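To keep things clear, I will list the structure first and then write my remarks on it.
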Amino acid sequence: MTSNNRRSVYIVSRFSVCFSFTYNQKWLQTKQNKTKQTNKKRESSTVNPTSPSTTLDSNHMIYTAEQIRHKKKLKKGINFNLLVVGVNDLGKKTFINTLINQPYYQINQPIPNTSHSSIAGTSNSEFSENSSNNNEFSIETNSFECCPRSIPIKLKISVTNNFGFNVHNDSHGDTLLSFIENKHRAILHEELKICRNPNLQDNRLHLGLYFINANVKGLSKFDISMMTKICHRINLLPIIAKRDGLTDIELIQCKHAINRDISENKIQIFNFLSKSNDDAGADAGADANADHHYKRDGDIEEYMTLSAKEYNYLSELNKSIPFAIIGSNSIVGDPQNEIVRNTKWGSIQIEDKNICDFKILKNIIFETHLQEFKDVTVEKIYEKFRVEQLIKN
1 MTSNNRRSVY
11 IVSRFSVCFS
21 FTYNQKWLQT
31 KQNKTKQTNK
41 KRESSTVNPT
51 SPSTTLDSNH
61 MIYTAEQIRH
71 KKKLKKGINF
81 NLLVVGVNDL
91 GKKTFINTLI
101 NQPYYQINQP
111 IPNTSHSSIA
121 GTSNSEFSEN
131 SSNNNEFSIE
141 TNSFECCPRS
151 IPIKLKISVT
161 NNFGFNVHND
171 SHGDTLLSFI
181 ENKHRAILHE
191 ELKICRNPNL
201 QDNRLHLGLY
211 FINANVKGLS
221 KFDISMMTKI
231 CHRINLLPII
241 AKRDGLTDIE
251 LIQCKHAINR
261 DISENKIQIF
271 NFLSKSNDDA
281 GADAGADANA
291 DHHYKRDGDI
301 EEYMTLSAKE
311 YNYLSELNKS
321 IPFAIIGSNS
331 IVGDPQNEIV
341 RNTKWGSIQI
351 EDKNICDFKI
361 LKNIIFETHL
371 QEFKDVTVEK
381 IYEKFRVEQL
391 IKN
């Protein structure tokens, strides 16, 4: 091969290498640009659950699966069933008015006049032997719709009337227990059917608030008997009523005495730190008669999945038991939009955590533990009841 030919081959090969390198560089840059454009489109299409992802025109929208679920939940709402138990004159209905922020119950009247209520709801009384006798024990159930957050809560509250009022009050515990168990029994009967009702309303009670008279002596024998009867069938929280009747020192003594009686009588109340809440129902079939509800003692090693902040918060909730509350008689609130109780000595800001536990309790019910109360009811308490009934039958 001549020198001229060699030089031509060398020039052609150098040109091919340079062209190939330049082409690969341009191809790589083009691919990177396309990737960036694709990522930008994905980011622009990511929106909050309440807004449409893509607009075709003014009447047609494209929604993601998450947005569709959110819209269904907004339309359907969350059902939550609450039981309020306690003897008369402990401010149970005042508490309910404060909780829903509406004057639904006329405090001087035992049964609310729904025609004058600004809340759409139904009212009925159960387990009343004689409705014409106002001294008979009854359980009154009313429905409300609250919206403390973006998703509405369909709240059904059952409250006792004349609980422990007459000399034959020992039967009130059995009546109350039957009221709670009948809610579970209705679901069990439906599950055993071949053709089930898909629209059956779940009326199982998710939380029970037991109101206790504010005194430093602790629980009465009647309260101990009633709480012992129902604690296995419902998430139970003790409530000190009318906390404004106690000094700070008396409140500490009162809480100590109540917790002492709860421990001595093995009354099972909801434990915010109990890991068994997460494993609810797992061991329900092992021993239907076993006592595996909520225990007050726990090992910190069980809660390693919690952050330090979460663990401290739940620990503080346990230390706050029993919750001491004050009911508001001024629903509209003061100019700062704070719920207050007006007395002849002045006004009490009941949402002040340094005064009472109302705000903490409200936050537990509507925010932090609403779903946990429901899950424990279904997965643990109901499962235990179901196993017991199936073994019995």
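Heads up: the sequence shown runs through residues 1 to 393, numbered per the UniProt record's numbering. For glycine and all other residues, C-beta sits at the position ideal for the given N, C-alpha and C. Given the structure is predicted, the values throughout are model-derived calculations rather than measurements.
### Message
Using a Cβ-Cβ cutoff of less than 7 Å, which residues in the same chain neighbour Q389 once the five nearest sequence positions on both sides are dropped?
### Response
Indexing the sequence shown from 1 puts residue 389 at position 389. Only L188 meet the Cβ criterion.
### Query
Exposed or buried, what is P238 when buried is set at 16 or more other beta-carbons lying within 10 Å of its beta-carbon?
Position 238 of the sequence shown, counted from the first residue, corresponds to residue 238. Classification of P238: buried, given that the 10 Å Cβ count is 16 or more.
### Those residues which DSSP pairs with F323 across a bridge
Start at 1 with the first residue of the sequence shown, and residue 323 comes out as number 323. For F323, which the question treats as bridged, DSSP gives the partners I239.
### Query
So what's K353 in DSSP terms, helix, strand or just coil?
By 1-based counting over the sequence shown, the position of residue 353 is 353. Reduced to three states, the DSSP call for K353 is coil.
### Query
Skipping 5 residues on each side, what residues in its chain have a beta carbon closer than 6 Å to that of F358?
If you number the sequence shown from 1, residue 358 lands on position 358. When the five nearest sequence neighbours on each side are left out, the beta carbons in the same chain lying within less than 6 Å of the beta carbon of F358 are those of I325, I350, in order along the chain.
### Query
Rounded C-beta distance between S158 and L83? I'm assuming under 8 Å.
Looking up residue 158 in the sequence shown gives position 158. Looking up residue 83 in the sequence shown gives position 83. The Cβ separation is near 5 Å, so the contact holds.
### Query
Going by alpha carbons, who is nearest to I139 out of C195, N166, I153, H172?
The residue given as residue 139 occupies position 139 in the sequence shown. Of the listed residues, the one whose Cα sits closest to I139 is H172.
#### Entry: Boundaries of the alpha helix (DSSP H) in which F137 is found, first to last residue
As a first step, residue 137 must be located in the sequence shown, where it is residue number 137. Per DSSP, F137 belongs to no alpha helix (DSSP H) and is neither H nor E.
### Whether T94 touches I107 by CB criterion (8 Å)
By 1-based counting over the sequence shown, the position of residue 94 is 94. By 1-based counting over the sequence shown, the position of residue 107 is 107. Contact flag set, yes.
### Message
For I341, list the residues DSSP reports as bridge partners.
### Response
Within the sequence shown, numbered from 1, the residue matching residue 341 stands at position 341. The sequence given here has Arg at residue 341, not Ile. DSSP, once it has assigned bridges, lists I348 as partnering R341.
### Message
Here's a check: name, in chain order, each residue in its chain whose Cβ is nearer than 8 Å to the Cβ of R149, leaving out the five neighbours to either side.
### Response
Here residue 149 corresponds to residue number 149 of the sequence shown, with the count starting at 1. The answer, listed in chain order, is F366, E367.
### Task
Report yes or no: do three or more beta-carbon pairs, one from the stretch 226 to 236 and one from the stretch 310 to 328, lie closer than 8 Å?
no
### Task
Using the Cα positions of K392 and E181, report the straight-line distance between them to the nearest angstrom.
Locating residue 392 in the sequence shown gives position 392, where the first residue counts as 1. Locating residue 181 in the sequence shown gives position 181, where the first residue counts as 1. It is roughly 15 Å from the alpha-carbon of K392 to the alpha-carbon of E181.
#### Entry: Other residues of its chain near E310: CB distance less than 6 Å, five sequence neighbours each side excluded
Residue 310 sits at position 310 when you count from the first residue of the sequence shown. Closer than 6 Å at Cβ, skipping near neighbours: no residue.
### Message
Suppose the cutoff is 8 Å on Cβ atoms and the five residues either side in sequence are ignored; what does the same chain contact list for I258 look like?
### Response
Position 258 of the sequence shown, counting from 1, holds the residue named residue 258. Excluding residues within five positions, the ones whose Cβ falls inside 8 Å are I212, G218, L219, P238, I240, P322.
#### Entry: Member of D244, N215, K229 whose CA lies at the smallest distance from the CA of H256
For the purposes of this step, residue 256 is identified with residue 256 of the sequence shown, where counting begins at 1. H256 has its Cα closest to that of N215, out of D244, N215, K229.
### Query
With G91 and G245 assumed to form a contact (beta carbons below 8 Å), what rounded beta-carbon distance in angstroms separates them?
The residue you call residue 91 lines up with position 91 of the sequence shown. The residue you call residue 245 lines up with position 245 of the sequence shown. Between G245 and G91 the Cβ distance is about 10 Å, and since that is not below 8 Å, they are no contact.
### Task
For chain B, find out if any of its Cβ atoms is closer than 8 Å to the Cβ of D170; answer yes or no.
No chain B is part of this structure, which consists of one protein chain only.
### Start and end residues, beta strand (DSSP E) containing K154
For the purposes of this step, residue 154 is identified with residue 154 of the sequence shown, where counting begins at 1. Per DSSP, K154 belongs to the beta strand (DSSP E) from 153 to 161.
### Query
How would you write the range of the beta strand (DSSP E) that N79 sits in, first residue to last?
For the purposes of this step, residue 79 is taken as the residue at position 79 of the sequence shown. Looking at the DSSP string, the run of the beta strand (DSSP E) that includes N79 is 78 to 85.
### Own chain residues within Cβ distance below 8 Å of S320, not counting five before or after
In the sequence shown, counting from the first residue as 1, residue 320 sits at position 320. Closer than 8 Å at the Cβ level, and outside the excluded window around S320, lie D357, I360.
### Residue burial classification, K76 (beta-carbon count within 10 angstroms, cutoff 16)
As a working note, residue 76 is residue 76 in the sequence shown. So K76 counts as exposed.
### Query
Which residues share a DSSP beta bridge with L209?
Here residue 209 refers to the residue found at position 209 when the sequence shown is read from its first residue. Answer is V84, L237, bridged to L209.
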